[in-house]
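Read the structure below first, then the notes.
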Amino acid sequence: MKIIVCIKQVPDTKGGVQFNPDGTLNRGAMLAIMNPDDKAGLEAALRLKDQYGAEVTVITMGLPKAKEVLVEAMAMGADKAILVTDRVLGGADTWATSTTLAGAIRNLEYDLIIAGRQAIDGDTAQVGPQISEHLNIPVISYTQKLEIEGDYVVAQRQYEDRYHVVKAKMPCLITALAELNEPRYMTPGGIFDAHEAEVIMYGRDKLIDVDDADLGLKGSPTKIAKASDKVRKGAGEQVNLDPEASVGYILEKLKEKHVI
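Under my numbering, think of the first position of the sequence shown as 364, with each following residue one higher.
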C-alpha cells in the first residue's frame, strides 16, 4: 500500500501573526508548527504502515522553510518527503493550492491520500476535497475513525450530532479530524535519520496537467479584502431569569444543540 499525506506548516499564533501588504500571511517571519489535523492524518498513515507495511510519503507546498515540517514528519516515521516550492506558487488560495498539489501528486503512485480536515490558518476545509476532484477519485471528509477492508477504506464521517459509516474503493482521499487519534512523538533515532534523509524538491516544472493561470496569487479567484489577527467576539445571548427558569432554559438549549 502506498499512502500520500498532505501536510502544511502553519503559523504558531502564540508567537504573533504578521501580514504582507497584500493581506497574505508573512509566513517567513512567523514561528511555525505542523497543522494539527494534518498531524492526525500522518499518524493514521503511520498506523497503517505499522499494520500493513505501507509506504508513507509526505508532501507540502510552501517556502523553503516548510522543509522543517517534512523533517518532523520523517522523524515520526514517514518514508519520503516532497517539498513543492517555487516563486510562482506564492499567495495561493485553496483553488491554486489544490491545483498545485494535485499536479505534484500526479507524479506519484498511491492507493490512499490523507489530508487534514482544515488548516488552522485558513479554516476552509476545501483543499483536500478539491484535490480529490482534480484527481477524479472518491473523497471521505471529516474522518474520525479509519479502517482498511481489502481494497476499500471504511471511515466514520463525523457530523454535529451523529456519524455516518462510509466506504470507498481505493484509490481515494480522506480528510482527517484531529480527534482521529493521538499522534506519536518523534524518536531520537527518527530525528537523526530524518536530518540525514533527502527532501525531494518539486518546482513548477514537476506539476503535471496544470495551467499557469491557476497558480499562485494571480491564479487565485479568492481575494483577501481584509486581514486581522484579532477577531472581536459578540456579547452572546443574555437572559435574566430566576434559578428554576434558568435551569429549564439551559436544558432546552442543550437539547436544541443535541448536546443531551
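Positions of the beta carbon are idealized from the N, C-alpha and C atoms, including for glycine. Just so it is clear, the structure is predicted and the values come from calculations on it, not from any experiment.
If you compare alpha carbons, which of Y415, P374 and A438 is closest to P551?
-> Nearest of Y415, P374 and A438 to P551, Cα basis: A438.
Give every residue of the same chain whose Cβ lies closer than 6 Å to the Cβ of P501, excluding the five residues on either side of it in the sequence, and list them in chain order.
-> Residues A531 and C535 of the same chain have their beta carbon placed closer than 6 Å to that of P501, with the five preceding and five following residues left out of the count.
Is R450 helix, strand or coil when you go by DSSP?
-> Shown here, R450 sits in a helix according to DSSP, grouped into three states.
With a floor of 4 residues, list each alpha helix (DSSP H) that falls wholly inside the stretch 536-574, ordered by position along the chain.
-> With a minimum length of 4 residues, the continuous alpha helix (DSSP H) runs that stay inside the stretch 536-574 are 551-559.
Would you identify the three-state DSSP class for V374, choosing helix, strand or coil?
-> At residue 374 the sequence reads Pro, which differs from the Val that was named. The answer is strand: DSSP assigns P374 an E or B state.
Three-way DSSP call (helix, strand, coil) for R480 in this model = Coil at R480, not helix or strand.
Comparing alpha-carbon positions, which option in A608, A441 and V622 lies nearest E406?
-> The shortest C-alpha separation from E406 is found at A441.
Between which two residues does the alpha helix (DSSP H) containing Q414 stretch?
-> First-last of the alpha helix (DSSP H) with Q414: P399 to Y415.
CB P492 to CB T538, shorter than 9 Å?
-> Cβ atoms of P492 and T538: closer than 9 Å.
Kindly indicate the opening and closing residues of the alpha helix (DSSP H) around V421.
-> Going by DSSP, V421 is part of no alpha helix (DSSP H) but of the beta strand (DSSP E) stretching over E418 to M424.
Return the bridge partner residues of E510 from the DSSP annotation.
-> E510 pairs with V517.
Cβ of V373 within 9 Å of any chain D Cβ = Checking the listed chains, one finds no chain D in this structure; it contains a single protein chain.
Coarse secondary structure for V434, derived from DSSP in three states = Here V434 sits in helix by DSSP.
Thinking C-beta only, is A429 closer than 9 Å to L446?
-> With contacts defined by Cβ atoms closer than 9 Å, L446 and A429 form a contacting pair.
Going by alpha carbons, who is nearest to D400 out of A482, M424, A465 and V451?
-> Nearest of A482, M424, A465 and V451 to D400, Cα basis: A482.
Quick one: what does DSSP say Y526 is sitting in, helix, strand or coil?
-> Here Y526 sits in strand by DSSP.
Among E600, E619, V419 and N544, nearest to Y473 - alpha-carbon criterion = Taking only the C-alpha atoms, the option nearest Y473 is V419.
Which of the three DSSP states, helix, strand or coil, is assigned to A488?
-> Coil at A488, not helix or strand.
What did DSSP end up calling S461 once you bin it into helix, strand or coil?
-> For S461, the secondary structure class from DSSP, reduced to helix, strand or coil, is helix.
T462 versus G479: straight-line alpha-carbon distance, rounded | When rounded, the distance between both Cα atoms is 17 Å.
Quick one: residues in its chain with C-beta nearer than 8 Å to the C-beta of L604, no 5 flanking neighbours on either side, listed in chain order?
-> The residues are Y612.
Ignore the nearest five residues each way along the sequence and tell me which others in G582's own chain have a CB closer than 6 Å to its CB.
-> Within the same chain, and ignoring the five residues on either side of G582 in sequence, the residues whose Cβ sits closer than 6 Å to its Cβ are A459 and A576.
Would DSSP call A576 helix, strand or coil?
-> In the structure shown, A576 sits in a helix (DSSP, three-state: H, G or I).
Using only alpha-carbon positions, find the residue among Y565, A560 and K616 that is nearest to G466.
-> G466 has its Cα closest to that of Y565, out of Y565, A560 and K616.
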